[in-house]
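In this note's numbering, the protein residues as written are 18 to 126.
Just so it is clear, CB atoms sit at the ideal spot from N, CA and C, and this is done for glycine as well.
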């Protein structure tokens, strides 16, 4: 192997071996009432543009005493590889959420 390829190849090998997935979790004290629902979100140009800007959770209706119990933001090896290869211009991530059980009505108003 030519000497000028050793360092880039070693760096690439380290990058591939040390990359992994990650998960951020935001949990409330509410009990989950649904299975995970998910959506893939994309960030472009180092976070300047997001698609979608907002993710609506149509079945988690806070006006009917039903909110979000858990939110997770995940990345995996493939998403990380895309982000590295595009130098951060495109960064996909998976967002998952669970809705909470509706609150019990305990009296009359």
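Opening and closing residue of the beta strand (DSSP E) in which residue i lies
i, result
"residue 112", "107 to 116"
"residue 44", "39 to 44"
"residue 27", "Note, residue 27: premise wrong, no beta strand (DSSP E); alpha helix (DSSP H) at 20 to 35."
Presumed contact (8 Å Cβ cut-off) between residue i and residue j, rounded CB distance
i, j, result
"residue 57", "residue 109", "6 Å"
"residue 62", "residue 106", "6 Å"
Test item: CB-CB of residue i and residue j under 9 Å
i, j, result
"residue 115", "residue 53", "yes"
"residue 44", "residue 90", "no"
"residue 85", "residue 47", "yes"
Neighbourhood of residue i by C-beta distance below 6 Å, restricted to the same chain and skipping five residues each side
i, result
"residue 50", "116, 117 and 118"
"residue 68", "59"
"residue 41", "90"
Residue i - containing alpha helix (DSSP H), residue span
i, result
"residue 53", "Counting along the chain, residue 53 falls outside any alpha helix (DSSP H), and DSSP gives it neither H nor E."
Close-in-space but distant-in-sequence residues of the same chain around residue i (CB under 7 Å, 5 per side omitted)
i, result
"residue 99", "107 and 109"
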